[in-house]
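Worksheet: one structure, shown below.
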Amino acid sequence: MARTPAAPRGTRDILPEETALWRRVESVARELSDRYAFERVETPLFERVELFARSAGETSDVVEKEMFRVAGAKGSEEERAEWALRPEPTAGIVRAYIEHGLHVQPGPLRFWLIGAMFRYDRPQAGRYRQFTQWDCEVLGDPGPMVDAELIELALRFYADCGVTGVTAHLNSIGDGACRPAFREALVEYFARVEDRLTDDSRRRLRINPLRVLDDRRLDPDLAAGAPRSIDFLCEPCRQHFDAVRSLLDGLGCRYVIDHRLVRGLDYYTRTTFEFFVAGREGQQQALGGGGRYDGLVEALGGRPTTGIGFGLGLDRTIMAMAEQGIEPPRDGALVAVVGATDDLVARLRVCTALREAGVRVRPDGSTRKLGKQLEAAAKAGARWAVIVGEETAGDSVVLRDLDAGEQQELPLAGVAASIAGSGAA
RNA sequence: GUGGCCUUAGCUCAAUUGGCAGAGCAUCGGAUUGUGGCUCCGAAGGUUAGGGGUUCGAGACCCCUAGGCCACCCCA
Numbered sequence: 224m225a226r227t228p229a230a231p232r233g234t235r236d237i238l239p240e241e242t243a244l245w246r247r248v249e250s251v252a253r254e255l256s257d258r259y260a261f262e263r264v265e266t267p268l269f270e271r272v273e274l275f276a277r278s279a280g281e282t283s284d285v286v287e288k289e290m291f292r293v294a295g296a297k298g299s300e301e302e303r304a305e306w307a308l309r310p311e312p313t314a315g316i317v318r319a320y321i322e323h324g325l326h327v328q329p330g331p332l333r334f335w336l337i338g339a340m341f342r343y344d345r346p347q348a349g350r351y352r353q354f355t356q357w358d359c360e361v362l363g364d365p366g367p368m369v370d371a372e373l374i375e376l377a378l379r380f381y382a383d384c385g386v387t388g389v390t391a392h393l394n395s396i397g398d399g400a401c402r403p404a405f406r407e408a409l410v411e412y413f414a415r416v417e418d419r420l421t422d423d424s425r426r427r428l429r430i431n432p433l434r435v436l437d438d439r440r441l442d443p444d445l446a447a448g449a450p451r452s453i454d455f456l457c458e459p460c461r462q463h464f465d466a467v468r469s470l471l472d473g474l475g476c477r478y479v480i481d482h483r484l485v486r487g488l489d490y491y492t493r494t495t496f497e498f499f500v501a502g503r504e505g506q507q508q509a510l511g512g513g514g515r516y517d518g519l520v521e522a523l524g525g526r527p528t529t530g531i532g533f534g535l536g537l538d539r540t541i542m543a544m545a546e547q548g549i550e551p552p553r554d555g556a557l558v559a560v561v562g563a564t565d566d567l568v569a570r571l572r573v574c575t576a577l578r579e580a581g582v583r584v585r586p587d588g589s590t591r592k593l594g595k596q597l598e599a600a601a602k603a604g605a606r607w608a609v610i611v612g613e614e615t616a617g618d619s620v621v622l623r624d625l626d627a628g629e630q631q632e633l634p635l636a637g638v639a640a641s642i643a644g645s646g647a648a
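224 is the number of the first residue of the first sequence in our numbering; add one for each residue after it.
Structure follows, in structure tokens:
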């Protein structure tokens, strides 16, 4: 451990150079959330461990090995082990939906949030212990249209962020009526070739056979010959899946069917989807994912209510944007206020007046030589400098165009209009 | 949780066989008795990630720890 304080493992500081891209991504997410008529919610960053165990599943990786436990300063050992930082947002949103009786509101309900998620995993580029997701959830909408709508929304998000080469992977893993048969077929199939499975897969074969398909080390021949969930769908699930596909086709949304896409969280039913970006052949190419969870509300003690949602990783979206050379949004023209005299009161008054007029102002509070102040202004990226000095009369200041190297004396009240009129903003 | 490669100034990197820890960029100041970017000059910036060992002597070699990256695992 270094003597100087360091950020905890797997976390990082996001500095101004990078926050420019963050602003763009966040504003796209906010704007789309609003345009698609989602309503903003916030839930706690930590919840009871039991909530995640009951929703994501005891055998899911996030519960089994990636839970970030929170210890209280006081209390018994048991009490201190009771909470965990949220590894995903759906459980908290569904918990809030049930707790506040939101089912009485006219549905379907559409929620969104942007927030930090936590997974105690081994860090790597694009994989952090604290990361940020944009999450959208729809509760109480059983029809296939919302499935297609969410996938279209996610693809539009990537497009609006400027990311290209994003592919939607799609699958249906059925529901309580048809999945048991699929599960049985998987067990029967893999049990015969158990000696060709990894240790992990052999264990999963007993406790959660669908996730054998998740295993990237699975022999390609075995994977190709494995039972496919869509061949086992019951009639309602098959109709739902067919409808989702034809809706996506009708929208012109491109996707590929991925028979091995079963998702790591147990609450998913029917539609599952993930978004991958081209160019990262190894890991961290998954930018986001989601699916339908028609049994989750009931499993957590609420009335039977369908649900569907996605979580998109903003860190990875930004990483993809940076790799694709996408420019961050430009700031508005910056005006530096510098002083030819040491009269700081006059300088600060000018700053305030300009800000009231809507100008973006960076003041120089030093009494350095004017040349130094102008140099600092130019280095800070200022397009203009307002020089507050004694040689000007009354309310007048000098407005200097730092790019052109030209300046003029004019009344303070005319500065904002002059900048706006130059078209250089 | 497993394996591999790494860590020298704020950043990018040098340092011969184990022999005085350096450069460029960035920062600050001066040239500039108050109008910037260029140029020139100068200053500051280091317990070489942390700890231990070998040695007359370690940035370099050995061990431990921490962190980063990569491949697994899994996902966002």
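All residues carry an ideal CB built from backbone N, CA and C; glycine is no exception.
Determine the contact status of residue i and residue j, defining contact as a CB-CB distance below 9 Å.
i	j	result
arginine 246	proline 552	yes
leucine 332	leucine 362	yes
glutamate 322	phenylalanine 275	no
alanine 279	leucine 488	yes
glycine 514	arginine 493	yes
arginine 277	leucine 433	no
valine 620	valine 573	yes
tyrosine 164	leucine 393	Any answer about residue 164 is impossible in this case: the structure gives the chain only from 224 up to 648.
alanine 391	phenylalanine 496	yes
leucine 373	phenylalanine 413	no
valine 435	leucine 409	yes
leucine 635	alanine 576	yes
isoleucine 610	leucine 625	no
alanine 608	alanine 559	yes
histidine 326	arginine 526	yes
threonine 282	isoleucine 430	yes
tryptophan 306	valine 317	no
valine 520	tyrosine 259	no
valine 389	phenylalanine 498	yes
What whole-angstrom Cβ distance do residue i and residue j have, given they're in contact under 8 Å?
i	j	result
leucine 557	alanine 601	With 8 Å as the limit, leucine 557 and alanine 601 do not qualify as a contact, their Cβ atoms being about 11 Å apart.
proline 365	threonine 242	With a Cβ gap of about 40 Å, proline 365 and threonine 242 do not count as contacting.
phenylalanine 354	valine 264	No, phenylalanine 354 and valine 264 are not in contact; Cβ-Cβ is about 19 Å, not under 8 Å.
phenylalanine 455	cysteine 401	6 Å
glycine 330	proline 267	With a Cβ gap of about 24 Å, glycine 330 and proline 267 do not count as contacting.
cysteine 384	glycine 532	Between glycine 532 and cysteine 384 the Cβ distance is about 19 Å, and since that is not below 8 Å, they are no contact.
valine 653	aspartate 437	Past the boundaries of the shown model lies residue 653; the chain is included only from 224 to 648, so the question cannot be answered.
valine 517	aspartate 398	Here residue 517 is aspartate; the residue named in the question, valine, does not match the sequence. About 6 Å; that satisfies the 8 Å criterion.
isoleucine 541	leucine 336	That pair is no contact at about 18 Å.
alanine 563	glycine 502	Between glycine 502 and alanine 563 the Cβ distance is about 53 Å, and since that is not below 8 Å, they are no contact.
isoleucine 396	tyrosine 490	Rounded, the Cβ-Cβ distance is 11 Å, inconsistent with contact.
Would you identify the three-state DSSP class for residue i, choosing helix, strand or coil?
i	result
leucine 378	helix
glutamine 356	strand
serine 619	strand
threonine 494	strand
histidine 482	coil
histidine 323	coil
aspartate 344	coil
aspartate 438	coil
methionine 224	Model confidence at methionine 224 stands at a pLDDT of 38, short of 50, so the residue's coordinates are unreliable; what they give is reported in the following sentence. In the structure shown, methionine 224 sits in coil (DSSP, three-state: anything other than H, G, I, E or B).
isoleucine 316	helix
threonine 390	strand
alanine 648	Low confidence applies here, because alanine 648 scores a pLDDT of 46, under 50, leaving its location unreliable; read the following figure in that light. If DSSP states are grouped into helix, strand and coil, alanine 648 belongs with coil.
glycine 448	helix
arginine 553	coil
glutamate 287	helix
glutamate 249	helix
aspartate 624	strand
Rounding to the nearest angstrom, what Cα-Cα distance links residue i and residue j in this structure?
i	j	result
valine 386	alanine 543	7 Å
valine 561	glycine 588	8 Å
arginine 640	glycine 628	The question names arginine, but residue 640 is alanine in the sequence shown. Whole-angstrom Cα-Cα distance: 19 Å.
leucine 537	glutamine 356	5 Å
serine 256	glutamate 262	7 Å
arginine 235	glutamate 289	18 Å
glycine 534	arginine 352	16 Å
arginine 539	glycine 233	14 Å
aspartate 442	glycine 555	55 Å
serine 645	alanine 339	42 Å
glycine 617	glycine 637	14 Å
arginine 406	arginine 271	30 Å
alanine 225	isoleucine 237	Note that alanine 225 scores a pLDDT of 40, beneath 50, so its modelled location is shaky; the value from the coordinates is reported in the next line. Distance between the alpha carbons of alanine 225 and isoleucine 237 is about 20 Å.
leucine 474	valine 584	46 Å
glutamate 240	valine 248	14 Å
glycine 448	proline 459	25 Å
leucine 593	alanine 348	45 Å
threonine 590	glutamine 630	21 Å
Contact between the stretch 372 to 382 and the stretch 339 to 350 (3+ Cβ pairs under 8 Å): Judged by Cβ distances under 8 Å, the stretch 372 to 382 makes no contact with the stretch 339 to 350, as fewer than three pairs qualify.
On the three-pair Cβ rule with 8 Å, is the stretch 458 to 472 touching the stretch 422 to 442? Contact between the stretch 458 to 472 and the stretch 422 to 442 is absent, because fewer than three Cβ pairs lie under 8 Å.
Does the stretch 568 to 576 come within contact of the stretch 531 to 549, defined as at least 3 CB pairs closer than 8 Å? At 8 Å Cβ cutoff, the stretches do not touch.
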